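> Below you will find the structure I want to go over with you.
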Amino acid sequence: MSIRHSLLALLSEGPKYGFQLRQEFETSTGEVWPLNVGQVYTTLQRLERDGLAESDDIEEDERQRNYRITEKGGEELAHWLRTPPDLSEPPRDELVIKVLVASRLPDVDVFDVIQIHRRYIVQLMQQWTRLKEDESQFDLAFALAVDAELFRLDSVVRWLDAADGRLRRAASEPAPENPVALPSIRRRTGAHK
Amino acid sequence: MSMLELRNVSKRYGQGANEVDAISDIDLSVERGSLVAIMGPSGSGKSTLLTIAGSLEEPTTGDVMIDGARLSGMSRNDKARLRRRSVGYVFQDFNLLAGLTAVENVSLPLELDGVSMKKARAKGMDALEGLGLADRAESFPDQLSGGERQRVAIARAVVGERSLLLADEPSGALDSVNGEAVMRMILTACHGGVAAVVVTHDAKLASWADRVVFLRDGKAVDETLPPPSPEELLNPDVANPS
Numbered sequence: 011m012s013i014r015h016s017l018l019a020l021l022s023e024g025p026k027y028g029f030q031l032r033q034e035f036e037t038s039t040g041e042v043w044p045l046n047v048g049q050v051y052t053t054l055q056r057l058e059r060d061g062l063a064e065s066d067d068i069e070e071d072e073r074q075r076n077y078r079i080t081e082k083g084g085e086e087l088a089h090w091l092r093t094p095p096d097l098s099e100p101p102r103d104e105l106v107i108k109v110l111v112a113s114r115l116p117d118v119d120v121f122d123v124i125q126i127h128r129r130y131i132v133q134l135m136q137q138w139t140r141l142k143e144d145e146s147q148f149d150l151a152f153a154l155a156v157d158a159e160l161f162r163l164d165s166v167v168r169w170l171d172a173a174d175g176r177l178r179r180a181a182s183e184p185a186p187e188n189p190v191a192l193p194s195i196r197r198r199t200g201a202h203k
Numbered sequence: 002m003s004m005l006e007l008r009n010v011s012k013r014y015g016q017g018a019n020e021v022d023a024i025s026d027i028d029l030s031v032e033r034g035s036l037v038a039i040m041g042p043s044g045s046g047k048s049t050l051l052t053i054a055g056s057l058e059e060p061t062t063g064d065v066m067i068d069g070a071r072l073s074g075m076s077r078n079d080k081a082r083l084r085r086r087s088v089g090y091v092f093q094d095f096n097l098l099a100g101l102t103a104v105e106n107v108s109l110p111l112e113l114d115g116v117s118m119k120k121a122r123a124k125g126m127d128a129l130e131g132l133g134l135a136d137r138a139e140s141f142p143d144q145l146s147g148g149e150r151q152r153v154a155i156a157r158a159v160v161g162e163r164s165l166l167l168a169d170e171p172s173g174a175l176d177s178v179n180g181e182a183v184m185r186m187i188l189t190a191c192h193g194g195v196a197a198v199v200v201t202h203d204a205k206l207a208s209w210a211d212r213v214v215f216l217r218d219g220k221a222v223d224e225t226l227p228p229p230s231p232e233e234l235l236n237p238d239v240a241n242p243s
């Protein structure tokens, strides 16, 4: 979550005060990501230092300062919006590691491990879904942020389901006599930065 | 009292070497007003469980009770009446009759139950209105979008005084926004006192339920814990110590 660029986006609508930026940030993200006011002022100082935003600097108290975006800040924002985040390298996912480890240990029931995680994630999804129940209670930004979380968790459940199916199939087939050493994932997916 | 209760229910298909247990030793109780999701991969017995719960199929062993009435002692006619009056089904492919309009599809179960055509139609219109489809009442299924067809199917399932709603992958091939609308409608029916069971492999749909039961190889292997209290929601560390 880039607070820096989110604040630039809010400033691109017009000059704003710090407390106002915090409030608008939380509203625009459906209040799913709370932000403390200290983070806002530290980020604004850095934006100013880097020439991406400016303030009149006449007020000692930063709470009284009105910030606006610079031309360089506008260019930076446009560039950021169009730059895909780096997803080329698989993240070091703790859940994936746990299932991989469980699948190798003879005394551990990997399907049991998978089910514990599946249940936990479905329970999390129930909590997020409950927030969507009353349509009159949420705005568009909130719905988008909650959907993003639900889709992310759903993809984890689907991976667990796929892992479950694959491990069951593997368990019912005889193991190959000379298992072939697997090349590293990065080499196999051909992912490059 | 539970609206639906399954006690020790098993279903076996085939004989001898071909014998397969589609479901075994299932206990399930669904109260009025609650929505239970049954989640599991294909072949886990989800659909069998639903057809048995809806009295469309007989269990090999065990008891099924709908609104306190035990199905095993009932005549075919009594069962058919119970199905018409109390049980609504929503299928993946909607199963609307192509030659009937939306409102005719919805009021059909009531007419089959002996309700006058005029009265059945009025109740059918009520159900359609409740799902925002009053203006599509005279359309035929092929004139409706996928989302509208599924809403008609839900209206048909809840029309009249139905108190048990059984749905098999109710969002079918709908996109996620329409799928969510379907679940929201089922939940609304539950808030009105209906007990609902939804079987699905989709965690996004299942997460609308009060309780999710996980099915694997015909057995209920696990289920979600009761929803956290507001206090736990505000302090996630209390609810989920890592």
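The listed protein sequences correspond, in order, to chains H and E. Counted the way our numbering counts, the first sequence spans residues 11 to 203. Counted the way our numbering counts, the second sequence spans residues 2 to 243. Glycine included, C-beta positions come from ideal geometry on N, C-alpha and C. Predicted model, so just to flag it, every value in this text is computed and none were measured.
Between Lys205 (chain E) and chain H, is there a C-beta pair that is closer than 8 Å?
Yes, Lys205 (chain E) lies at the interface with chain H (some Cβ there is under 8 Å from its Cβ).
> Using the Cα positions of Asp26 (chain E) and Trp138 (chain H), report the straight-line distance between them to the nearest angstrom.
One C-alpha to the other measures close to 32 Å.
> Could you name each continuous alpha helix (DSSP H) segment of 4 residues or more that falls completely within the region 92-158 of chain H, going from the start of the chain to the end?
List check, alpha helix (DSSP H) in window: 104-114 and 120-142.
> With a CB to CB cut of under 7 Å and the five nearest residues on each side skipped, what residues in its chain are close to Pro60 (chain E)?
Excluding sequence neighbours, Pro60 (chain E) sits near Val10, Ser11, Lys12 and Ile53.
> So Thr62 (chain E) is in the alpha helix (DSSP H); what residue range does that whole segment cover?
Careful: Thr62 (chain E) lies outside any alpha helix (DSSP H), inside the beta strand (DSSP E) at Thr62 to Ile67.
> Where does Glu58 (chain H) sit, in a helix, a strand or coil, going by DSSP?
Glu58 (chain H): helix per DSSP, three-state reduction.
> Can you list, in chain order, the stretches of the alpha helix (DSSP H) that have 4 or more residues and sit fully within the region 132-164 of chain E?
List check, alpha helix (DSSP H) in window: 147-159.
> Nearest chain H C-beta to Leu36 (chain E) closer than 8 Å, yes or no?
For Leu36 (chain E), the answer is no, since every Cβ of chain H falls outside 8 Å of its Cβ.
> Among H:Leu45, H:Arg129, H:Asp157 and H:Leu150, whose alpha-carbon lies nearest the alpha-carbon of Leu216 (chain E)?
Comparing Cα-Cα distances from Leu216 (chain E) to each of H:Leu45, H:Arg129, H:Asp157 and H:Leu150, the minimum goes to H:Arg129.
> What are the partner residues of Tyr27 (chain H), as DSSP defines its beta bridges?
In the DSSP output, where bridge partners are listed per residue, Tyr27 (chain H) has H:Asn76.
> Anyone know if the C-beta pair for Leu18 (chain H) and Leu62 (chain H) falls short of 8 Å?
The answer is yes: Cβ separation under 8 Å.
> What does Asp164 (chain H) reach in chain E if we use C-beta pairs closer than 7 Å?
Ordered by position in chain E, the residues that pass the 7 Å Cβ test against Asp164 (chain H) are Ala204 and Lys205.
> Could you say if the region 107-122 of chain E and the region 156-175 of chain E meet the contact criterion of at least three C-beta pairs nearer than 8 Å?
Output reads yes: the region 156-175 of chain E touches the region 107-122 of chain E.
> Going by DSSP in three states, Ala174 (chain E) sits in which element: helix, strand or coil?
DSSP places Ala174 (chain E) in coil when its eight states are reduced to three.
> From what residue to what residue does the beta strand (DSSP E) around Arg212 (chain E) run?
Segment Arg212 to Arg217, the beta strand (DSSP E) holding Arg212 (chain E).
> Is there a Cβ of chain E sitting closer than 8 Å to that of Glu183 (chain H), yes or no?
No - not a single Cβ of chain E is within 8 Å of the one on Glu183 (chain H).
> Counting only C-beta atoms, is Asp171 (chain H) closer than 8 Å to chain E at any point?
Cβ-Cβ to chain E under 8 Å: yes for Asp171 (chain H).
> Would you call the CB atoms of Ser48 (chain E) and Asp169 (chain E) closer than 8 Å?
It is a contact, given that the beta carbons lie within the stated cut-off.
> Mark Gly173 (chain E) as exposed unless 16 or more other C-beta atoms lie within 10 angstroms of its C-beta, in which case mark it buried.
With 16 or more Cβ atoms within 10 Å of its Cβ, Gly173 (chain E) is classed as buried.
> Count the other CB atoms within 10 Å of the CB of Ala180 (chain H); is the residue buried (16 or more) or exposed (fewer)?
When all chains shown are included, Ala180 (chain H) counts as exposed.
> Could you say if the region 181-189 of chain E and the region 94-104 of chain E meet the contact criterion of at least three C-beta pairs nearer than 8 Å?
These segments do not touch.
> Step through the CB atoms of chain E and report whether any lies within less than 8 Å of the CB of Glu23 (chain H).
Chain E contact via Cβ: absent.
> Tell me Ser11 (chain E)'s beta-bridge partners as DSSP assigns them.
Looking at the DSSP assignment, Ser11 (chain E) forms a beta bridge with E:Thr62.
> In or out: Glu181 (chain E) buried (at least 16 other Cβ within 10 Å) or exposed?
Answer is buried; the Cβ neighbour count reaches 16.
> Quick one: residues in its chain with C-beta nearer than 6 Å to the C-beta of Ala99 (chain E), no 5 flanking neighbours on either side, listed in chain order?
Result list for Ala99 (chain E): Pro142, in chain order.
> Could you tell me whether the Cβ of Ser243 (chain E) comes closer than 8 Å to any Cβ of chain H?
Residue confidence for Ser243 (chain E) is low, a pLDDT of 44 falling below 50, so the modelled location carries little weight; the figure read from the coordinates is stated next. False, the Cβ-Cβ gap to chain H never drops below 8 Å.
> Would you verify that the beta carbon of Leu188 (chain E) is, or is not, closer than 8 Å to some beta carbon of chain H?
Closer than 8 Å: yes.
> Just tell me which of E:Lys124, E:Ala138 and E:Pro227 has its CA closest to the CA of Ser208 (chain E).
It is E:Pro227.
> State the DSSP-derived secondary structure class of Gly55 (chain E), mapped to helix, strand or coil.
It is coil, neither helix nor strand.
> What's the gap between the Cα of Ser22 (chain H) and the Cα of Gln136 (chain H)?
Their backbone Cα atoms lie some 37 Å apart in a straight line.
> I'd like to know whether the C-beta of Asn75 (chain H) is nearer than 8 Å to at least one C-beta of chain E.
Strictly speaking, residue 75 (chain H) in this sequence is Arg, with Asn absent from that position. For Arg75 (chain H), the answer is no, since every Cβ of chain E falls outside 8 Å of its Cβ.
> I need the straight-line Cα distance from Pro100 (chain H) to Val111 (chain H), nearest angstrom please.
Computed Cα separation, rounded: 17 Å.
> For His15 (chain H), collect the residues of the same chain with a Cβ closer than 7 Å to its Cβ; drop the 5 residues on either side in sequence, then sort them by chain order.
Once the five neighbours on either side are set aside, the close Cβ partners of His15 (chain H) are Leu87 and Trp90.
> Can you tell me the Cα-Cα spacing of Ala154 (chain E) and Gln93 (chain E), whole angstroms?
If you take the alpha carbons of Ala154 (chain E) and Gln93 (chain E), they lie about 10 Å apart.
> One question on the structure: do Val198 (chain E) and Leu51 (chain E) come within less than 8 Å of each other, judged by their Cβ atoms?
Closer than 8 Å, so yes.
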